[in-house]
Structure formats: C-alpha cells, structure tokens
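Sequential numbering from 4 applies to the sequence shown in the numbering used here.
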Amino acid sequence: MKHFFSIVLLINICILSYAQKVDIVDVTPPGFSGNFIGMHYLAPQGLVAVADNGYMYVSSDTAKTWTLERLPIPSVLGYEVHEDETTAYIYNDSLIYKTTNGGQSWERMLLNGLPKTIDGRILEYKKLYVKNSDTLFLVGTNRVNGLRIYMGTMQGSSWHQVAENIINDFGYNTMFTFHFSNSLEGYGYGYGCYVYTNDGGESWINTTFPSFEKSIQMSYSFS
C-alpha cells in the first residue's frame, strides 16, 4: 500500500509539473539592438513596442512578425499610453510627441507654460504620467534644486508648476511611478521619497522614506 501511494504521488507530481510547463518563445524583432521602453496594444495597429533607439516595432499578429517604423525623435526616454488604447506619448529630455491614432502619426506638443530654462539651466524632462484624457503630469529638473512637477491641462496644451524642490536620495533622478486612488488623491514614488496630493495634483507634499528599500517597495506596489 505504501508503494501504491508513492506511485500515485509521483504521477500527480508529473501531471502538475506538465500542467505548469510554460513554453517560452523569443519574439524579439530580428536585428533589434538597444532597450525597449515599453510595449502596449494600440488600436488599430496592434502591439507597439517602443525602443530607446528612436524606432518602434509594430505587430498585428501577436508578435509573430514585426514592422520597423522610425519615431520622430532620435532617442526615447519614456512611452506612456492612455487607457483608450489609441492615444500615446513618447518623450526624451526636451521633447514630447503625441499620437491619437495608435502610432500611425505623431505630433509634437507645444508645451505652453513650460519654461525652457530655470535659473539659467536647461529644464530636463524625467517622467511623464497620464492621469486622464485631459490631465498630464511632467517631472523635470534643472539639476540644481531637486525635482519639479508640472501639470498639463486641456490635453497637455497648457502647463503650470505644481511642486518644486523634491529632493530624493539620488539627487536629480526621476520619480518611478504615479498612482491616483481617485480623482483627488494621488502619489508619486521616487528614490527615498514620495509626493502626495489630495486636490487632484494642484499641490503636492514631499515626504522622505526612512530607507531606500521602503521606497522601492512602495513604488513598485503601485506600478
């Protein structure tokens, strides 16, 4: 009887192992070099993978084949997609482009209200976040006095500063991620710090974490 149960247990383990087996297929576009910034579904194109080398890769057959398309900026720092799956944004440290047709065409955003320099130093873009169809947030810095947050209304056509002097443990690095619990309460997490708003993003409170590990844990819990 003991041998019988041992055989049954072995069979069950084999069945479970087979059921949990996952086939991994390399779908990297041929000849690709660089790093992917992100991959999302965009209608009507399909899967759109944006790379930091200034190209995007489009697949309409679930990554079996890819079409290479050049982006309007030579290097890409970030790629953000709206929940409508047709509107998306790409940006580097000084430019933001927007598409409303799934990446078939891109238009440079004018960014009215964003300063080009602060105290004689260039404003560098670090992180873009899409709150909803009307409101965006942009993190920037002049590498002197911490990070700043700008709020873009009217679909990003008008911008104003809503936070400054956000200091984290790694100088002028970016915020990892933003998260809004509802239309008013939101959080932004960075290296060793987080910012909080309860008025939809019009003002932010800057708080430091007691440890780097805590900041990582909190930021990725909302990614």
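Each residue gets a CB set at the ideal place from its N, CA and C atoms; glycine is no exception. What you are looking at is a predicted structure, and each value in this text was computed from that prediction instead of being measured.
Residue environment, residue i, which counts as buried when at least 16 other CB atoms sit within 10 Å
i	result
residue 209	buried
residue 112	buried
residue 27	exposed
residue 157	exposed
residue 123	exposed
residue 107	exposed
residue 198	buried
residue 63	exposed
residue 84	buried
residue 7	Bear in mind that a pLDDT of 40 at residue 7, under 50, signals an unreliable position, so the number given afterwards is only what the model happens to contain. Counting Cβ neighbours within 10 Å, residue 7 comes out exposed, since fewer than 16 surround it.
residue 142	buried
Cβ-Cβ separation, residue j to residue i (assumed contact under 8 Å), whole Å
i	j	result
residue 165	residue 152	5 Å
residue 60	residue 74	Contact doesn't hold; Cβ gap of about 11 Å is too wide.
residue 116	residue 48	Contact flag wrong, Cβ pair sits at about 31 Å.
residue 103	residue 90	5 Å
Proximity below 8 Å, CB of residue i to CB of residue j
i	j	result
residue 53	residue 79	yes
residue 178	residue 189	no
residue 94	residue 128	yes
residue 162	residue 131	no
residue 57	residue 32	no
residue 135	residue 149	no
residue 37	residue 82	no
residue 100	residue 110	yes
Boundaries of the beta strand (DSSP E) in which residue i is found, first to last residue
i	result
residue 30	Premise fails: residue 30 is in no beta strand (DSSP E) and is neither H nor E.
residue 76	Per DSSP, residue 76 belongs to no beta strand (DSSP E) and is neither H nor E.
residue 163	161–169
residue 180	178–183
residue 142	139–144
residue 130	127–133
residue 249	In the structure as shown, the chain starts at 4 and stops at 226, and residue 249 therefore has no counterpart that could be examined.
residue 83	81–84
residue 112	It is not in any beta strand (DSSP E) - residue 112 carries neither H nor E in the DSSP assignment.
residue 44	39–45
residue 101	99–102
residue 150	150–156
Neighbourhood of residue i by C-beta, 8 Å cutoff - its chain only, sequence neighbours within 5 removed
i	result
residue 44	50, 51, 88
residue 144	126, 127, 129, 150, 151, 175
residue 137	156, 157, 158
residue 66	30, 50
residue 205	154, 165
residue 96	80, 127, 128, 129
Residue i at chain C interface by Cβ criterion, 8 Å
i	result
residue 133	No chain C appears in this structure, which consists of one protein chain only.
Own chain partners of residue i with C-beta closer than 6 Å, once the 5 adjacent residues on each side are dropped
i	result
residue 98	76
residue 200	189, 207
residue 159	112, 139
residue 69	32, 60, 62
residue 191	178, 181, 198
Cutoff 7 Å; reference residue i; Cβ partners in own chain excluding five residues on either side
i	result
residue 203	186, 187
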